[in-house]
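Colleague: Counting from 1 along the sequence shown, just add 24 to a position and that's the residue number in the numbering used here.
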Amino acid sequence: MMGRLARATRAAGGHTVGVIPVALRGREVADLDADELVETQNMRQRKGIMDERSDAFLALPGGIGTLEELMEVWTSGALAMHDKPVVVLDPWDDFALLRAQVDAWIDGGFVSQDSLTRVRWVVTVDEAFEALTAPVLPSADSVME
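1. Run through the stretch 90 to 160 for me and flag every whole alpha helix (DSSP H) of 4 or more residues, listed as ranges in chain order.
2. Would you identify the three-state DSSP class for L48, choosing helix, strand or coil?
3. Label F119 either buried or exposed according to how many other C-beta atoms from any shown protein chain fall within 10 Å of its C-beta, with 16 as the threshold for buried.
4. Tell me the DSSP bridge mates of E63?
5. Which residues share a DSSP beta bridge with L56?
6. Is L82 near A152, with beta carbons less than 8 Å apart?
Structure follows, in structure tokens:
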């Protein structure tokens, strides 16, 4: 999905940046056509660069890497470590089980209801663009007394 999105962005005149650990360059397909390709030493450095350079975070259906990155940016937003929008574009309900699990964590007292304010779940691309540009409200959990 990331490759298709990058190609469509460039076809529409947009600028793309790829960030990939050196060790994965041979195992995964590096976006050699990216306007900028940043190679990192490891995944932690990759995520740090992406965090620093991002204005917002958009998760599309994907695998365990997507899930891990989504949970990290969602958690850091809930902890007031950033105030960037976190949006999940879920047109086919791929994240339904995750949403059910989060509800179970809320019911069990492991996750606050307020942490849900730090992520927006959308179904359409138009909704995603709207959510990505909407202001992020601070969660009550992140306010220190």
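Glycine residues also receive a C-beta, built at the ideal position from the N, C-alpha and C atoms. Keep in mind that this is a model prediction, so the values were computed, not measured.
Modeller: Here's the rundown:
1. The stretch 90 to 160 contains these whole alpha helix (DSSP H) runs: 120 to 131 and 149 to 157.
2. As a first step, residue 48 must be located in the sequence shown, where it is residue number 24. In the three-state scheme derived from DSSP, where H, G and I count as helix and E and B as strand, L48 is classed as helix.
3. Here residue 119 is taken as the residue at index 95 of the sequence shown, counted from 1. Around the beta carbon of F119, 16 or more other beta carbons lie within 10 angstroms, which makes this residue buried.
4. As a first step, residue 63 is located in the sequence shown; it is residue number 39 there, counting from the start. The partner list for E63 (beta bridge, DSSP) reads I44.
5. Residue numbering aside, residue 56 sits at position 32 when the sequence shown is read from its first letter. BP columns for L56 are empty, so no partner.
6. Here residue 82 corresponds to residue number 58 of the sequence shown, with the count starting at 1. Here residue 152 corresponds to residue number 128 of the sequence shown, with the count starting at 1. The criterion of a C-beta distance shorter than 8 Å is satisfied by L82 and A152.
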